[in-house]
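First up is the structure itself, then whatever we jot down about it.
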Amino acid sequence: MRIATWNVNSIRLRLQQLLAYLREVAPDVLCLQEIKSTDEAFPRLEIEDAGYNAAVHGQKGWNGVAILSKRPIEVSRGLPGDESDIHARYIEATVPNDTNNVIRVASIYLPNGNPPNTDKYAYKLDWMDRLIAHAQSLLTLEEPLVIAGDYNVIPGPVDVYDPANWGGDALYLPTTRERFRALLNLGFIDSLRAVTDAPGIYTFWDYQAGAWQRNRGLRIDHLLLSPMAADRLQSVAIDKKMRENDKPSDHVPIRVDLN
DNA sequence: ATGACTGGCCCTGCCAGA
Numbered sequence: 025m026r027i028a029t030w031n032v033n034s035i036r037l038r039l040q041q042l043l044a045y046l047r048e049v050a051p052d053v054l055c056l057q058e059i060k061s062t063d064e065a066f067p068r069l070e071i072e073d074a075g076y077n078a079a080v081h082g083q084k085g086w087n088g089v090a091i092l093s094k095r096p097i098e099v100s101r102g103l104p105g106d107e108s109d110i111h112a113r114y115i116e117a118t119v120p121n122d123t124n125n126v127i128r129v130a131s132i133y134l135p136n137g138n139p140p141n142t143d144k145y146a147y148k149l150d151w152m153d154r155l156i157a158h159a160q161s162l163l164t165l166e167e168p169l170v171i172a173g174d175y176n177v178i179p180g181p182v183d184v185y186d187p188a189n190w191g192g193d194a195l196y197l198p199t200t201r202e203r204f205r206a207l208l209n210l211g212f213i214d215s216l217r218a219v220t221d222a223p224g225i226y227t228f229w230d231y232q233a234g235a236w237q238r239n240r241g242l243r244i245d246h247l248l249l250s251p252m253a254a255d256r257l258q259s260v261a262i263d264k265k266m267r268e269n270d271k272p273s274d275h276v277p278i279r280v281d282l283n
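Numbering (my numbering), first residue to last: 25 to 283.
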């Protein structure tokens, strides 16, 4: 089973690239973030014509997440733990697999949190605490579980082109990385790091200052695997060539193959 | 070099992103 995640940075503007990706890479499940669309404006028909079911948790103007799946899925929307949180950043689904059990997949758009020392950063930390609590409860189900998406977390110095300049950023602050490690310490693995220790592997390059051309990137899009999902891990790939498209997203897809 | 880009919305300068 192939599970991919991609921050599209506007589903409508990126629709043709998305449809090409579905044709060429053919993921069984694709998690999307920053669709920047309401549920009503989501291009559901085009995606269904491509052979996918679409579960959407949208919002006008910004945020918004979705899960596309070849097979029918059961869906829940929103991250538990704060009824007042109106950002559309979390959607979760169970997907039947070949052997008649399920894989659970979450598509997350973790808050950016910049600038630090503001309520935006407090919201990020609170959201991470809620994600840790929810992930802990999901692990008790003893299912294969993949938490995929834009984490807005640079896990370590090898995951950013210039770590010395990122010390004060919400994506790289010690408190941010501590919470990411707390999530891993529940028993998840960072799938990319299960297959390589190589530095300089990125999933995001800023639109500004020729970041792509100069390979000034960040590794902030992750697929975290529960123990039962990790046992099935076959391979990990980053679809870096998507950054060469005309009008690209600033993120590229990353995916895993599970047996 | 206090720079730089992109997308959506309030339809046009501003907010948000990372």
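Positions of the beta carbon are idealized from the N, C-alpha and C atoms, including for glycine. These figures come from a predicted structure and were not determined experimentally.
Kindly list the residues whose CB is nearer than 6 Å to the CB of Ser-93, restricted to its own chain and excluding five residues on each side of it in sequence; keep chain order. For Ser-93, the CB contacts under 6 Å within the same chain, skipping 5 residues up- and downstream, are Val-53, Asn-77, Val-119 in chain order.
Can you tell which of Thr-220, Val-170, Arg-217, Val-276 has the C-alpha that lies nearest to the C-alpha of Gly-241? Answer by Cα proximity: Val-276.
Output yes or no for whether 8 Å exceeds the beta carbon distance between Lys-265 and Ala-194. For Lys-265 and Ala-194, no; Cβs fall outside 8 Å.
What do you reckon, are the CB atoms on Met-252 and Glu-116 nearer than 8 Å? In this structure, Met-252 keeps its C-beta atom at 8 Å or more from the C-beta atom of Glu-116.
Tell me whether Leu-56 is buried or exposed, calling it buried when 16 or more other Cβ atoms sit within 10 Å of its Cβ. Buried, by the Cβ-count rule.
Cα-Cα, which of Ile-156, Gly-211, Leu-162, Tyr-226 is closest to Val-184? With distances taken between Cα atoms, Val-184 lies closest to Tyr-226.
From what residue to what residue does the alpha helix (DSSP H) around Ser-161 run? In the DSSP assignment, Ser-161 falls within the unbroken alpha helix (DSSP H) covering 143 to 163.
Since Arg-154 contacts Pro-104 with CB under 8 Å, what's their CB separation in whole angstroms? Correct: roughly 7 Å between the Cβ atoms.
Could you check what DSSP says for Tyr-45 in three-state terms: helix, strand or coil? Tyr-45: helix per DSSP, three-state reduction.
Within 10 Å of its beta-carbon, does Asn-176 have 16 or more other beta-carbons around it, so buried, or fewer, so exposed? Of the residues assessed, Asn-176 falls on the buried side of the cut-off, its CB having 16 or more other CB atoms within 10 angstroms.
Locate the alpha helix (DSSP H) running through Arg-68, then write down its first and last residues. Where Arg-68 is concerned, the enclosing alpha helix (DSSP H) starts and stops at 68 to 73.
Considering only residues of the same chain and omitting the five flanking positions on each side of Asp-281, which have a CB-CB separation below 7 Å? Hits under 7 Å: Arg-26, Gln-258, Ser-259.
Rank Gly-137, Asn-125, Asn-31 by C-alpha distance to the C-alpha of Ile-91 and give the top, closest one. The residue with the shortest Cα to Cα distance from Ile-91 is Asn-31.
Which of helix, strand or coil DSSP assigns to Gln-232: In the three-state DSSP reduction, Gln-232 falls in the helix class (H, G or I).
Which term fits Tyr-231, buried or exposed, when burial requires 16 or more other beta carbons within 10 angstroms of its beta carbon? With a 10 Å radius around the Cβ and a threshold of 16 neighbouring Cβ atoms, Tyr-231 comes out exposed.
Since His-81 contacts Ala-112 with CB under 8 Å, what's their CB separation in whole angstroms? That pair is a contact at about 5 Å.
Compare the Cα-Cα distances from Gln-37 to each of Ala-65, Ser-250, Ala-28 and report the closest residue. A small fix is needed here, since residue 37 is Leu in this sequence, not Gln. Taking Leu-37 as reference, the option from Ala-65, Ser-250, Ala-28 with the minimal CA-CA separation is Ala-65.
What are the start and end residues of the beta strand (DSSP E) that includes Ser-215? Counting along the chain, no beta strand (DSSP E) covers Ser-215; the unbroken alpha helix (DSSP H) around it starts and ends at 215 to 219.
Assuming the contact rule is C-beta atoms closer than 8 Å, Gly-173 and Leu-134 should be a hit. Round their C-beta distance to whole Å, please. Between Leu-134 and Gly-173 the Cβ distance is about 7 Å, and since that is below 8 Å, they are a contact.
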